[in-house]
Amino acid sequence: MTSPATTYEGDELLGRELEVESSRVSSGWRRVAYGILDNRNLTITVAGVLVFAVFSVTARQFLSANNLLNVVRNMSLIGIVAVGMTFLLVAGEIDLSVGSVYGVLTVIVGLLVSVWHVDPWLATLVVVAVGLAIGTVNGAIVTRFGIPSFIVTLAMLTAYRSAALIISGQKPSVTAGEGQFYELTGGSIGPVPWLIVWLAVVGVVGGVALSTTTFGYHVYATGGNIEAARNSGIDTSRVKVICFAVTGALCGLIAGLLWGYLHTAAPVTGTGFEFRVIGAVIVGGVLLGGGRGTIYGSLVGAVIIGMITSGLVLLGFSQDIGDVATGALIVLVGTLDLLARRGVARGLALVGR
159 MTSPATTYEG DELLGRELEV ESSRVSSGWR RVAYGILDNR NLTITVAGVL VFAVFSVTAR
219 QFLSANNLLN VVRNMSLIGI VAVGMTFLLV AGEIDLSVGS VYGVLTVIVG LLVSVWHVDP
279 WLATLVVVAV GLAIGTVNGA IVTRFGIPSF IVTLAMLTAY RSAALIISGQ KPSVTAGEGQ
339 FYELTGGSIG PVPWLIVWLA VVGVVGGVAL STTTFGYHVY ATGGNIEAAR NSGIDTSRVK
399 VICFAVTGAL CGLIAGLLWG YLHTAAPVTG TGFEFRVIGA VIVGGVLLGG GRGTIYGSLV
459 GAVIIGMITS GLVLLGFSQD IGDVATGALI VLVGTLDLLA RRGVARGLAL VGR
């Protein structure tokens, strides 16, 4: 016959075993939760799906073919430059002049085609080369003289915006828009706009370059710890100049694409564009301090920015409110990112005990 004391000891032992097992299960779920929080690509994808679902329910016409095409076209231009901006931010730099560079290059391509009758393909190559040169100059000033990129590109933002107004005489350029160039920039392949194809090509090339090549490794190393990168033999100045140059060249590319899509070039083109590009990259999980981020995240960030802007307009709000919402989202994402990184580090440390 079992004594009461033996029964009590057995119950106590069973209780401890259940407590240990429960702790293991809880730790497992915490690991999963913290792993999800630490996976920025998964987090940003879920956020994009939620934004799409919210506006699909609340905004009439959000799912209409017309609106979805507009979202796709707008976010394509943002996404293309966001690829270059991702390289820059991961390397620990920033370019605030992309909107003004985009604007002045759009004016140049418009004048080349409409006034000097240059072939639009050649005109696009010219502005890509000019954008490459502008980015190289920006990068050289930053790395050669040690001036923060924030200051250099803020000054260039004003300079290139003024240049666009002076060169254009504050008048837009217009073309009839006939021929293969206009079909392959402003047209569609069935239901898919060519702008999406251009974005896909740039995104894939950029993603492969950043994630799988030696140069991509150098970009991450430069932004993550520049002194350690230098000590390991990486030419960090060269890395940064290339990132600036690529971003400038992509501004030239979208100048040509916009000309092919709209058949017009206005000197105010690109106003506020830098805000949307940087917003897309930050929302996409790229760390402002450098060393972390993906092309995929930045492209999803561009989609989210495009959906928010379009959805708010359909709900009756102005474009300005869309910009306010984008700004608030940037602050929110930055705050959550900081809290998540602290929480993930602390949580994983506790779980690992």
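Residue numbers (the numbering used here): 159 to 511. All C-beta atoms, glycine included, are put in the ideal place defined by N, C-alpha and C.
Task: Beta-ladder partner(s) of V350, from DSSP - done: I347
Open item on the list: My output table needs one value for S331: the three-state DSSP class, helix, strand or coil.
Closed with: strand
TODO: Please work out which residues of its chain come closer than 7 Å, Cβ to Cβ, to L247, disregarding the five sequence neighbours upstream and downstream, and give them in chain order.
DONE: V439, V444, L446, G448, G451
- [ ] Kindly list the residues whose CB is nearer than 6 Å to the CB of L408, restricted to its own chain and excluding five residues on each side of it in sequence; keep chain order.
- [x] I238, V239, G242
TODO: Flag this pair as touching only if the segment 211 to 231 and the segment 468 to 483 have three or more C-beta atom pairs under 8 Å; answer yes or no.
DONE: With a cut-off of 8 Å, the segment 468 to 483 and the segment 211 to 231 count as touching, because enough Cβ pairs lie within range.
Task: Cα-Cα separation, T282 to L497 - done: 44 Å
TODO: Using a threshold of 8 Å, state whether the C-beta atoms of V265 and G406 are closer than that.
DONE: no
Open item on the list: I'd like to confirm something about V461: is its beta-carbon nearer than 7 Å to some heavy atom of the ligand COA, or not?
Closed with: In terms of ligand content, the structure shown is empty, and the ligand COA therefore cannot be addressed.
TODO: Within the same chain, show all residues whose beta-carbon is closer than 6 Å to that of G464, passing over the 5 residues directly before and after it, in chain order.
DONE: V229, N232, M233
Open item on the list: Here's the rule: buried if 16 or more other CB atoms are within 10 angstroms of the residue's CB, otherwise exposed. What is W352?
Closed with: buried
Open item on the list: Taking the straight line between their C-alpha atoms, what separation do you get for I299 and V441?
Closed with: 28 Å
- [ ] Would you check if the distance between the CB atom of G261 and the CB atom of G455 is smaller than 8 Å?
- [x] no
- [ ] May I ask you to report which of helix, strand or coil DSSP gives G492?
- [x] helix
Task: Supposed close pair L254, L342 - CB separation, criterion 8 Å - done: Going by Cβ atoms, the distance from L254 to L342 rounds to 31 Å, so no, they are not a contact pair.
- [ ] Tell me, to the nearest whole angstrom, how far the beta carbon of V285 is from that of G414; I am working on the premise that it is less than 8 Å.
- [x] 6 Å
TODO: Compare the Cα-Cα distances from S222 to each of L323, F433, T493, P349 and report the closest residue.
DONE: P349
- [ ] Take A460 and list the residues in its own chain whose beta-carbon comes closer than 7 Å to its own, dropping the five residues that flank it on each side.
- [x] Excluding sequence neighbours, A460 sits near M233, I236, G237, A240, A438.
Task: Residue(s) in a DSSP beta bridge with A423 - done: S331
Open item on the list: Assess contact between the segment 396 to 404 and the segment 293 to 309, defined as three or more Cβ pairs (one per stretch) separated by less than 8 Å. Is contact present?
Closed with: Yes, the segment 396 to 404 is in contact with the segment 293 to 309.
Task: Inter-residue Cα distance where the pair is Y378 and I252 - done: 14 Å
Task: Start and end residues, alpha helix (DSSP H) containing R231 - done: For R231, the enclosing alpha helix (DSSP H) covers residues 223 to 248.
Task: Beta-carbon proximity list for P330, same chain, < 8 Å, skipping 5 on both sides - done: G268, T422, A423, A424, P425
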